[in-house]
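Contents: one structure, followed by commentary.
Chains as they are written, first to last, in our numbering: chain A, 1 to 213; chain B, 1001 to 1164.
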C-alpha cells in the first residue's frame, strides 16, 4: 500500500515540473503521485501515474473518452455533476474517482450513489485545496460537505481518496499536515491512512467471486 | 506587571518552521500577521487567543514560532493553511517542536549555499523559453522567466534543464 496524493497538476498546468513535484513528494512522505497530463513513470523514487480528469461532458461522450483512456496505469476521474449524472458515472466501467463533490449541488451524492460507489469500487475524492487555501464560507461549505460524505462512507464503505490538487510545490502538504487537516472533517488517523491508499483499492481488479481451479 | 516566578509563568512551546521557496526574505511582522490571520480564520478569535502565536526569530530560511503549550496541534494545522505572506506565495514546513528555543537552534541546518557549478549557467532554457536561475541547490533549480512579463517562478530540477 502506497501513500498517494491522488491529484497534482505539474507544468504546464502548474509552475513545477513533475520531477520537482516528485522530489518534493518524497520529502513530504509520499510514495506515489497521480499527475494530470504526463506519462506514467518513476521520478526520484516516486511512482507517478497519469491521471485523466474528464469534466463538463455528456454521458455518451464520457463513455467514448473512457474507452480511449483505458490503460493499466491511467487513473480516470470524472468531475461530479448532478445526482443523475453521478449515478450514471459511477455505473460506467473504467471510472476510478468521482471528483469535485464539494462544488456539486447538495443532493449530488446521496445514499443510492454511495451504495453504487461501494459496489462498483469508485472512489470519492476529498480535495484538500478548499481546506488549505479557502477562507470563510468556501471552507465552511467544503467541511460540511466532506463531513456529510464521511457519514455515508462509514455506512457504505466506498473508497475515499485524498488529493491536494497542487499546481505548485508550495501547494503540496506533508502527510502529517494532511492528517491534521483531515481531523477538521472528522477523519482520525486510520481513516486517513485508508484514504491515502484508496487509489490502490480502485485500480486493482477485485478478486473474482468464483475461481476456476 | 513584574516578572512572575517560573512556576506561575505560562508554559510555552516553540516550533521550528522552514519557509519555502528557499531564498525568500521574510519579514517577521508580515509572517506574524499571516499566522494570526490563518489561525483566526480557521479556529476563530477565542481559540486564536488561546494559541497566542508569535514569531520569535528568523534565521535564514527558518523561523521559530511560539505558542502556548497544548495548542501545538491547532497551530500546526493553521500553519498548513498559510499560502501567502503579503503577496508572496510561500509554504511553511514544520521541522520540529520543542520546549526550548536552544534545542530548535541545534536542529537548524547550515544555510544552503548555491551550487558553484550552476553559477555558470545563470541563463537556461526550458520549453523554448529563456529563464534566469534564481536558486539552485542539489537537484532543485528555481528559475524566473526573462523579461518584464510573466516573471513567475518555476520549480524545476537539473534533469529538466538537461532534458530540454
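Ideal Cβ placement from N, Cα and C applies to all residues, glycine included.
Distance, residue j Cα to residue i Cα
{"i": "residue 1085/B", "j": "residue 170/A", "result": "12 Å"}
{"i": "residue 42/A", "j": "residue 17/A", "result": "13 Å"}
{"i": "residue 144/A", "j": "residue 205/A", "result": "32 Å"}
{"i": "residue 61/A", "j": "residue 79/A", "result": "14 Å"}
{"i": "residue 1156/B", "j": "residue 1136/B", "result": "10 Å"}
{"i": "residue 200/A", "j": "residue 1027/B", "result": "43 Å"}
{"i": "residue 209/A", "j": "residue 162/A", "result": "29 Å"}
{"i": "residue 65/A", "j": "residue 55/A", "result": "11 Å"}
{"i": "residue 1029/B", "j": "residue 1059/B", "result": "14 Å"}
{"i": "residue 1077/B", "j": "residue 4/A", "result": "20 Å"}
{"i": "residue 1093/B", "j": "residue 202/A", "result": "31 Å"}
{"i": "residue 176/A", "j": "residue 212/A", "result": "44 Å"}
{"i": "residue 31/A", "j": "residue 25/A", "result": "7 Å"}
{"i": "residue 149/A", "j": "residue 95/A", "result": "19 Å"}
{"i": "residue 1005/B", "j": "residue 1102/B", "result": "21 Å"}
{"i": "residue 183/A", "j": "residue 1146/B", "result": "43 Å"}
{"i": "residue 154/A", "j": "residue 185/A", "result": "13 Å"}
{"i": "residue 39/A", "j": "residue 1012/B", "result": "48 Å"}
{"i": "residue 28/A", "j": "residue 93/A", "result": "33 Å"}
{"i": "residue 1087/B", "j": "residue 87/A", "result": "42 Å"}
{"i": "residue 2/A", "j": "residue 1010/B", "result": "42 Å"}
{"i": "residue 12/A", "j": "residue 1047/B", "result": "40 Å"}
{"i": "residue 134/A", "j": "residue 1057/B", "result": "28 Å"}
{"i": "residue 1008/B", "j": "residue 142/A", "result": "42 Å"}
{"i": "residue 1098/B", "j": "residue 116/A", "result": "48 Å"}
{"i": "residue 53/A", "j": "residue 1100/B", "result": "47 Å"}
{"i": "residue 1073/B", "j": "residue 59/A", "result": "44 Å"}
{"i": "residue 114/A", "j": "residue 91/A", "result": "11 Å"}
{"i": "residue 1055/B", "j": "residue 75/A", "result": "42 Å"}
{"i": "residue 1091/B", "j": "residue 1064/B", "result": "15 Å"}
{"i": "residue 1044/B", "j": "residue 1080/B", "result": "16 Å"}
Neighbourhood of residue i by C-beta distance below 7 Å, restricted to the same chain and skipping five residues each side
{"i": "residue 951/B", "result": "It is not possible to answer for residue 951/B, since the shown part of chain B is limited to 1001 through 1164."}
{"i": "residue 1096/B", "result": "1016, 1104, 1107"}
{"i": "residue 179/A", "result": "189, 192"}
{"i": "residue 20/A", "result": "169"}
{"i": "residue 146/A", "result": "102, 126, 185"}
{"i": "residue 1069/B", "result": "1011, 1012, 1013"}
{"i": "residue 110/A", "result": "83"}
{"i": "residue 1071/B", "result": "1050, 1051"}
Cβ neighbour criterion (16 or more within 10 Å) applied to residue i
{"i": "residue 112/A", "result": "exposed"}
{"i": "residue 1002/B", "result": "exposed"}
{"i": "residue 1053/B", "result": "buried"}
{"i": "residue 23/A", "result": "buried"}
{"i": "residue 158/A", "result": "buried"}
{"i": "residue 68/A", "result": "exposed"}
{"i": "residue 1154/B", "result": "buried"}
{"i": "residue 1119/B", "result": "Legend: pLDDT at residue 1119/B = 47, less than 50; position of this residue unreliable, value from coordinates given subsequently. Result: exposed."}
{"i": "residue 71/A", "result": "exposed"}
{"i": "residue 130/A", "result": "buried"}
{"i": "residue 137/A", "result": "exposed"}
{"i": "residue 1116/B", "result": "With a pLDDT of 49 at residue 1116/B, under the threshold of 50, the modelled position of this residue cannot be trusted, and the question is left open."}
{"i": "residue 1151/B", "result": "exposed"}
{"i": "residue 1061/B", "result": "buried"}
{"i": "residue 51/A", "result": "buried"}
{"i": "residue 1031/B", "result": "buried"}
{"i": "residue 1130/B", "result": "exposed"}
Which of helix, strand or coil DSSP assigns to residue i
{"i": "residue 209/A", "result": "coil"}
{"i": "residue 1156/B", "result": "strand"}
{"i": "residue 118/A", "result": "helix"}
{"i": "residue 132/A", "result": "helix"}
{"i": "residue 1010/B", "result": "coil"}
{"i": "residue 54/A", "result": "strand"}
{"i": "residue 6/A", "result": "strand"}
{"i": "residue 1151/B", "result": "coil"}
{"i": "residue 1125/B", "result": "strand"}
{"i": "residue 976/B", "result": "Examination of residue 976/B is not possible in this model, given that chain B is present from 1001 through 1164 alone."}
{"i": "residue 1109/B", "result": "coil"}
{"i": "residue 1005/B", "result": "coil"}
{"i": "residue 1038/B", "result": "helix"}
{"i": "residue 1016/B", "result": "strand"}
{"i": "residue 1119/B", "result": "Any reading at residue 1119/B needs caution, since the residue's pLDDT is 47, under 50, leaving its predicted position unreliable; the model's value is listed next. Note: residue 1119/B maps to helix in three-state DSSP."}
{"i": "residue 1089/B", "result": "strand"}
Cutoff 6 Å; reference residue i; Cβ partners in own chain excluding five residues on either side
{"i": "residue 166/A", "result": "8, 172"}
{"i": "residue 118/A", "result": "156, 157, 158"}
{"i": "residue 47/A", "result": "32"}
{"i": "residue 198/A", "result": "123, 159, 160, 161"}
{"i": "residue 6/A", "result": "34, 161, 163, 199"}
{"i": "residue 1082/B", "result": "1034, 1038, 1092"}
Same chain, Cβ closer than 8 Å to residue i, neighbours up to 5 away in sequence not counted
{"i": "residue 1139/B", "result": "1157, 1158, 1159"}
{"i": "residue 1036/B", "result": "1048, 1053"}
{"i": "residue 181/A", "result": "128, 131, 132, 173"}
Entirely within the stretch 9–43 of chain A and at least 4 residues each: give me those alpha helix (DSSP H) ranges in chain order.
18–28
Curious, which full-length beta strand (DSSP E) runs of at least 3 residues does the stretch 1047–1086 of chain B contain?
Fully enclosed beta strand (DSSP E) runs of 3 or longer: 1054–1059, 1062–1068.
Taking the runs of the beta strand (DSSP E) that are 3 residues or longer, which of them lie wholly in the stretch 77–112 of chain A?
97–99
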